[in-house]
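Trainee:
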DNA sequence: CTAATAACCTAACGTTTGTTTGTCTAAGAT
DNA sequence: ATCTTAGACAAACAAACGTTAGGTTATTAG
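Chains as they are written, first to last, in our numbering: chain A, 4 to 196; chain B, 4 to 196.
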């Protein structure tokens with residue numbers, strides 16, 4: 004009969020993962036437009052044309068990486084939320100977790116903030132949908148929070164995520180750890196100015 | 004004698020401003036790499052080659068725009084700071100002002116957050132210096148603030164600026180006004196979570 | 001009026017880009 | 001042992017890119 008293997012990988016020494024890793028690292032640090040297919044191929048140790056065996060276009064490669072990125076971030080976030088005893092603690096754990104995820108060099112998640120809207124117009128809707136799913140976790144966390152009436156929940160979410168996502172522009176290994184940075188933003192939110 | 008005019012513009016109908024406006028608008032919304040010289044020329048109503056009468060390269064055009072951007076933002080910020088009665092009020096005024104500046108479509112300032120580091124490697128140092136000058140105002144404001152001992156001043160600055168700069172990714176005219184958004188971030192900082 | 005030149009235009013240059021094409025090779029199935 | 005094909009390679013393609021060169025026009029100084 005035909006192949007009894009319903010899964011994908013049929014060959015052992017495929018360099019699909021190398022391509023994804025290279026693309027994720029380059030998209031995350033340089034952005035989408037500034038990263039060329041030749042850059043990715045070179046980083047993955049292969050020829051530019053070979054990338055098109057795995058993906059039909061640059062945009063499809065981005066989409067595949069983006070999906071993994073959201074998936075990785077989501078599972079880490081779910082675990083962090085579980086560890087919080089109450090809504091307040093859950094929110095704080097989520098903040099620290101998201102910060103660590105965004106500053107982790109070996110994680111794909113930085114691609115989410117490294118790609119500008121409008122960079123890949125034809126798949127922008129899909130990327131936005133993926134990202135919205137992730138941010139929904141924060142929506143739920145904040146909804147369950149007891150807050151002063153003056154605080155707009157939507158604004159709180161956008162400000163916190165914005166502040167965390169911006170850390171990637173100034174973060175440098177060797178200084179404060181991602182965890183310390185995450186804890187500091189929690190501290191600033193808790194202390195009245 | 005030679006020209007008794009020490010200033011720049013010698014011809015009345017130069018379209019330098021149109022070039023700067025077009026470049027600022029496109030760099031701000033699409034980013035540096037995604038904006039082509041042909042895009043800018045088209046937006047300014049002229050030919051691509053004509054841009055090189057005013058600027059020797061794309062990077063020089065960016066630098067000129069960036070300088071104006073920081074200048075505009077700086078003067079607006081100085082005025083806002085002056086209007087604050089005490090350190091706390093000055094800081095709050097600065098937050099609202101910076102938010103309004105970043106969301107103003109007719110201002111060059113959005114270029115500061117629209118250009119990724121590494122987009123223009125040869126002038127990156129100059130751009131960073133310009134931007135650091137602007138952020139120094141916030142450094143001084145926060146230094147004069149009375150804060151809980153647990154709050155790291157550097158982190159407070161980076162988080163607040165990060166949150167405000169991120170507003171440009173989700174802001175849409177028709178909803179909350181830039182001023183309302185700025186006031187909300189002040190409110191969130193003042194209310195203990 | 002004439003000469004100079006500021007401010008453009010037209011047309012192209014060489015390079016880089018995403019992508020396509022055809023060929024080769026080694027591994028798994030029969 | 002043979003056949004098939006996953007997975008790569010080398011080489012090129014057309015389009016788009018930043019940029020350059022030379023020509024044109026209209027203003028202005030003398």
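C-beta atoms are modelled at their ideal positions from N, C-alpha and C, and glycine is treated no differently. Quick caveat, the model's predicted, so the values are computed rather than measured.
Pull up the distance between the alpha-carbon of residue 57/B and that of residue 168/B, whole angstroms please.
Mentor: 30 Å
Trainee: Against residue 33/A, what residues of chain B qualify as contacts under a CB-to-CB distance less than 7 Å, listed in chain order?
Mentor: 121
Trainee: For residue 17/A, does the three-state DSSP call read helix, strand or coil?
Mentor: The DSSP-derived three-state label of residue 17/A is coil.
Trainee: Excluding the 5 residues preceding and the 5 following residue 138/B in the sequence, name in chain order all residues of the same chain whose CB lies nearer than 8 Å to its CB.
Mentor: 160 and 164
Trainee: Identify whether residue 147/A lies in helix, strand or coil by the three-state DSSP scheme.
Mentor: coil
Trainee: Taking a contact to mean a Cβ-Cβ separation below 9 Å, would you say residue 170/A touches residue 121/B in this structure?
Mentor: no
Trainee: Start and end of the alpha helix (DSSP H) containing residue 168/B?
Mentor: 156-169
Trainee: Out of 149/B, 133/B and 69/B, point me to the one whose CA is closest to residue 110/B's CA.
Mentor: 69/B
Trainee: Where does residue 102/B land, buried or exposed, given buried means 16+ other C-beta within 10 angstroms?
Mentor: buried
Trainee: Residues of chain A with CB closer than 7 Å to the CB of residue 154/B, please, in chain order.
Mentor: 190, 191 and 194
Trainee: Any idea what DSSP makes of residue 22/A, helix, strand or coil?
Mentor: helix
Trainee: Compare the beta carbon distance of residue 174/B and residue 184/B with 9 Å and say whether it is the shorter of the two.
Mentor: yes
Trainee: Mind checking whether residue 35/A and residue 119/A have CB atoms under 9 Å apart?
Mentor: yes
Trainee: What do you get for residue 131/B, buried or exposed, if any count of 16 or more other CB atoms within 10 angstroms of its CB means buried?
Mentor: exposed
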